[in-house]
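Following our numbering, the numbering of the sequence shown begins with 893 at its first residue and continues without gaps.
Ideal placement from N, C-alpha and C gives every residue a C-beta, glycine not left out.
None of these values were measured; they are calculated from a predicted model.
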Amino acid sequence: MNRVIGFLLLFLNFQVLSQNPAIDHLEMLYDQGYYKMVYRKSARLLDKPEYDFTKLPGYYRSIASLQLAQDEHWYKRHLAETEQAKDFLLQLRKSEKGQKIILAHISELTFLKKDLDAWFTVKKQSDSFRLNEWKDFSNAFFADLPLIEVDEKKGDFQFANRPELKYRTDLIEIAKKQLGAPYVTAGIDPSGFDCSGFTSFVLEQTGQKIPRRAKDQYAASVKLSETEAQMGDFVFFSNGEEVNHVGILVSERGQVKTMIHASSSKGISIVEIENSTYWKPRIVGYGTFISQKK
893 MNRVIGFLLL FLNFQVLSQN PAIDHLEMLY DQGYYKMVYR KSARLLDKPE YDFTKLPGYY
953 RSIASLQLAQ DEHWYKRHLA ETEQAKDFLL QLRKSEKGQK IILAHISELT FLKKDLDAWF
1013 TVKKQSDSFR LNEWKDFSNA FFADLPLIEV DEKKGDFQFA NRPELKYRTD LIEIAKKQLG
1073 APYVTAGIDP SGFDCSGFTS FVLEQTGQKI PRRAKDQYAA SVKLSETEAQ MGDFVFFSNG
1133 EEVNHVGILV SERGQVKTMI HASSSKGISI VEIENSTYWK PRIVGYGTFI SQKK
């Protein structure tokens, strides 16, 4: 009986961490500025046992709380919740899993810091608002994060501190050295690759071992949104039943998405996927094995 329960919990964990519509909906609502909805919906997810294995509802509830706390009336009514949000985010930085979540959502956190900094400039010290404590939290949480440099005049943004950028570039160079290698079913080396044999080979050259099959690579990766995925991250595809293909993005953030992969007809090749009528509808999601420590 215990074994059955354990299997069920593992299954629920996988379902939540995979491309989860409820989590995706929180991300969409947050990006659109519906912070109260994010706050309420994430709280409901936290009450569901199947979400006990993921920190994402707590993450979204926390960042939504910090956005809402910039309204004085909301802040005064939710002092305890706001402190819990700050504590949750500080604890998130201390775990490996939390660091991966932070890395995958760095664009959201960049603009959260921008909003808080703007708020600090107009907010005055008061009994209900301890400005120094807020600044201490901000300095502690955002310290050394690879935040994004926002160029408001150009309307775009670039990474100001990207310690993993060289790793991404090197990874793509390794992948491109295999251009023209033939496609071979179950192939895992330059004499011939299949799709996941190619991706696992490329990462192994950097000293990182990942699962062999495409669907297992998807399950093991840190999930990214379409806007977050960039050069060096993985893109996964489905045949309608399960993940059955994987490629490595060679395009930078904001560019038309292009991947290098093992094509059954062309071998290792580069193809645009964003405007492809074949590849685009088959995309399951994006994932990464790159940490900010690289």
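{"Item": "Using the DSSP secondary-structure output, state which residues sit across from Y1178 in a beta bridge.", "Value": "L1116 and V1127"}
{"Item": "Distance check for E964 and A1106, CA to CA, integer angstroms please.", "Value": "49 Å"}
{"Item": "Among the candidates G1139, G1159 and P1173, whose CA atom is the shortest distance from the CA of T1180?", "Value": "G1139"}
{"Item": "Count the C-beta pairs between the stretch 969-982 and the stretch 1083-1092 that are closer than 8 Å, then say yes if the count reaches three, no if not.", "Value": "no"}
{"Item": "Give the DSSP bridge partners of Y1075, in chain order.", "Value": "F1085"}
{"Item": "Just the C-alpha distance for L1004 and L1063, rounded to the nearest angstrom, thanks.", "Value": "30 Å"}
{"Item": "Would the beta-carbon of Y952 fall within 9 Å of that of L1008?", "Value": "no"}
{"Item": "Around the C-beta of M1151, are 16 or more other C-beta atoms found within 10 angstroms, so that it is buried, or is it exposed?", "Value": "buried"}
{"Item": "Can you give the Cα-Cα distance for E1134 and K947, rounded to whole angstroms?", "Value": "25 Å"}
{"Item": "What are the partner residues of A1154, as DSSP defines its beta bridges?", "Value": "I1160"}
{"Item": "Indicate whether the contact test is met: 3 or more Cβ pairs, each with one atom in the stretch 1098-1113 and one in the stretch 1025-1040, closer than 8 Å.", "Value": "no"}
{"Item": "What residue does the alpha helix (DSSP H) around G950 start on, and which one ends it?", "Value": "L948 to L960"}
{"Item": "Check G1099 in the structure and name its three-state DSSP category.", "Value": "coil"}
{"Item": "Can you tell me whether L1023 is helix, strand or coil according to DSSP?", "Value": "helix"}
{"Item": "Can you find at least 3 beta carbon pairs, one from the stretch 1159-1173 and one from the stretch 979-989, that sit closer than 8 Å?", "Value": "no"}
{"Item": "I believe I1160 touches G1072 by the beta-carbon criterion, under 8 Å. Please report the beta-carbon distance rounded to the nearest angstrom.", "Value": "6 Å"}
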